[in-house]
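First comes the structure, then the notes that go with it.
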Amino acid sequence: MAHAADTDALPTGDALNRTIASLDTKVFDAFNTCDMKTFGDYFSDDVEFYHDKGGVQHSREAVVEATRKNICHKVRRELVGTLEVYPIKDYGAIEMGTHRFCQMDTGKCEGMGKFMNIWRYQNGQWQMTRVVSYDHHAIDTGK
């Protein structure tokens, strides 16, 4: 549970939006380059990750291993549009958005989905404690 000292530094307003946008960039730069150490550091030990196609994972290790096995050097993630960020009093923030996934070998962006991340700010560190990744579907290219 967050203590008052932990939440004193919680940004608000535009500063919160910039903070979460920066975190999103950093975590997915690590995701896209398969820097699994850095990627894993953005998740709490007991993260809950809900994925409509992949099921549920209940630990940082499970999330990192699934990413290493299914994503690394295969696809890259790109943010589509802008993020929505909402504060959570004395805890952190909710981040919501849409992303697409592009094949590393062809560069073709064939999949899209939505996400909601719950970020906790504690002891000077931001980590995701809950992730919901859903509405994954093929991108309609109109062909």
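Residues 1 to 143 in the UniProt record's numbering are what the sequence shown spells out, letter by letter. No residue lacks a Cβ here, since even glycine has one placed at the ideal position from N, Cα and C. Owing to the predicted nature of the structure, the values given are computational and were not obtained by experimental measurement.
#### Entry: Opposing strand residues paired with residue 137 [DSSP bridges]
112
### Query
Which of the three DSSP states, helix, strand or coil, is assigned to residue 10?
Collapsing the DSSP output to three states places residue 10 in coil.
#### Entry: Range covered by the alpha helix (DSSP H) that runs through residue 107
Element bounds for residue 107: n/a, residue is neither H nor E.
#### Entry: Backbone CA spacing between residue 111 and residue 102 [nearest angstrom]
7 Å
### Task
From the DSSP output, in three-state form, read off residue 54 for me.
DSSP places residue 54 in coil when its eight states are reduced to three.
### Task
Give me the Cα-Cα distance between residue 49 and residue 132, rounded to the nearest whole angstrom.
6 Å
#### Entry: Given residue 43 as reference, the closest of 62, 107 and 140 once Cα atoms are compared
62
### Query
Alpha carbon to alpha carbon, how far is residue 9 from residue 54?
35 Å
### Query
What do you get for residue 134, buried or exposed, if any count of 16 or more other CB atoms within 10 angstroms of its CB means buried?
exposed
### Message
So, with DSSP's three-state summary, where would you put residue 24?
### Response
helix
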